[in-house]
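These notes are about the structure you will find just below.
In UniProt numbering, the protein residues as written are 1 to 175.
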């Protein structure tokens with residue numbers, strides 16, 4: 001009776017691994033144009049869900065190991081993939097609420113700055129940003145950006161011009 005939680009954790013792990021496999025298969029076939037139906041909701045949200053499920057699988061696996069619960073050696077999760085790279089350009093914020101403003105420029109390069117009211121004021125008017133070495137990270141590729149920012153930041157949340165005044169006001173109210 002006292003080991004029921006261990007059994008439930010292992011069952012949850014196997015069920016999650018199976019769900020990830022099925023969702024990954026659908027996403028892969030969708031990207032190849034091989035689905036025999038037109039899904040209503042497949043794309044960015046589904047890829048984000050897949051990444052979050054994979055992240056959760058790794059956390060659950062680590063908990064199982066720390067608790068001394070055994071799994072078959074072939075049950076280890078696959079290497080954690082990079083989060084999906086947004087194809088759109090513009091500004092993003094991290095999902096975990098960390099104070100970063102992330103830019104994906106038209107050349108496909110990434111940079112980020114600590115999100116402050118001064119940065120937001122410049123962006124609020126959508127003026128050209130000066131890439132001050134003290135303020136911005138410099139240009140990065142996607143893999144470098146993922147390494148610089150914590151896993152909990154992904155998938156990133158895109159910002160639109162209409163949300164800028166709200167964010168600028170929230171930051172100004174915070175300081």
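Where is the CB? At the ideal position from N, CA and C, for every residue including glycine.
{"Asked": "From 55, 35, 8 and 140, residue whose alpha carbon lies closest to that of residue 108", "Found": "140"}
{"Asked": "Neighbourhood of residue 131 by C-beta, 8 Å cutoff - its chain only, sequence neighbours within 5 removed", "Found": "Because residue 131 sits at a pLDDT of 46, beneath the cut-off of 50, its placement in the model cannot be relied upon, and the following sentence gives the value as read from the coordinates. Cβ within range, chain order: 111 and 138."}
{"Asked": "Distance, residue 4 Cα to residue 104 Cα", "Found": "47 Å"}
{"Asked": "Short Cβ contact (7 Å threshold) for residue 57 with residue 16", "Found": "yes"}
{"Asked": "Opening and closing residue of the alpha helix (DSSP H) in which residue 56 lies", "Found": "44-66"}
{"Asked": "Cβ contact check for the region 27-45 and the region 94-102: 3 or more pairs under 8 Å", "Found": "no"}
{"Asked": "DSSP state of residue 28 mapped onto helix, strand, coil", "Found": "helix"}
{"Asked": "Residue 103: first and last residue of the uninterrupted alpha helix (DSSP H) it sits in", "Found": "Counting along the chain, residue 103 falls outside any alpha helix (DSSP H), though it belongs to the beta strand (DSSP E) covering 100-104."}
{"Asked": "Close-in-space but distant-in-sequence residues of the same chain around residue 176 (CB under 7 Å, 5 per side omitted)", "Found": "Because the chain here runs from 1 to 175, residue 176 falls outside it and cannot be looked at."}
{"Asked": "Through-space distance from residue 151 to residue 64, alpha-carbon basis", "Found": "20 Å"}
{"Asked": "Distance, residue 67 Cα to residue 160 Cα", "Found": "44 Å"}
{"Asked": "Through-space distance from residue 70 to residue 46, alpha-carbon basis", "Found": "31 Å"}
{"Asked": "Bridge-paired residues (DSSP) for residue 239", "Found": "Since the first and last residues shown for the chain are 1 and 175, residue 239 lies out of range."}
{"Asked": "Burial state of residue 54 (16 or more Cβ within 10 Å)", "Found": "buried"}
{"Asked": "Local Cβ density within 10 Å of residue 59, reported as buried at 16 or more and exposed below that", "Found": "exposed"}
{"Asked": "Burial state of residue 37 (16 or more Cβ within 10 Å)", "Found": "exposed"}
{"Asked": "C-beta contact flag for residue 77 and residue 61 at 7 Å", "Found": "yes"}
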